[in-house]
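A.B. asks:
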Amino acid sequence: MNRKELEQKIAELKMDYIRIQGDLDKVESIGGNVSPLEKTLQHMEEELKELREQLAAAKE
Numbered sequence: 001m002n003r004k005e006l007e008q009k010i011a012e013l014k015m016d017y018i019r020i021q022g023d024l025d026k027v028e029s030i031g032g033n034v035s036p037l038e039k040t041l042q043h044m045e046e047e048l049k050e051l052r053e054q055l056a057a058a059k060e
């Protein structure tokens, strides 16, 4: 991926992360099972970290 594609992917992931975090808050407020959403957020955090590392390497 080039730099622009990496930046776009990071922005999309951030928006999805915020949406899922809101969903998690709603599920948690009604006493639902938040474990799957927490795992999804953790996976997204790892993917964001990898993409940011790739972006940093692309800037060099």
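Reminder that position 50 of the sequence shown reads as 50 in the working numbering, one-by-one numbering, no gaps. Even glycine gets a Cβ: it sits at the ideal position worked out from N, Cα and C.
Along the chain, which unbroken stretches of the alpha helix (DSSP H) at least 4 residues long are found entirely within the segment 21-57?
C.D. replies: Runs found: none.
A.B. asks: Using alpha carbons as the reference points, say which of K26, I20 and I30 lies closest to T40.
C.D. replies: Numbered from its first residue, the sequence shown carries residue 40 at position 40. For T40, the nearest C-alpha among the options comes from I20.
A.B. asks: Check M15 in the structure and name its three-state DSSP category.
C.D. replies: Indexing the sequence shown from 1 puts residue 15 at position 15. In the structure shown, M15 sits in a helix (DSSP, three-state: H, G or I).
A.B. asks: Could you give the C-beta distance for D48 and I18, rounded to a whole number, given that I count them as a contact under 8 Å?
C.D. replies: As a working note, residue 48 is residue 48 in the sequence shown. As a working note, residue 18 is residue 18 in the sequence shown. The question names Asp, yet the displayed sequence has Leu at residue 48. The pair is not a contact, with the Cβ atoms about 12 Å apart (cut-off 8 Å).
A.B. asks: What does the alpha-carbon distance come out to for the pair L55 and R3?
C.D. replies: Here residue 55 refers to the residue found at position 55 when the sequence shown is read from its first residue. Here residue 3 refers to the residue found at position 3 when the sequence shown is read from its first residue. The alpha-carbon atoms of L55 and R3 are separated by roughly 6 Å.
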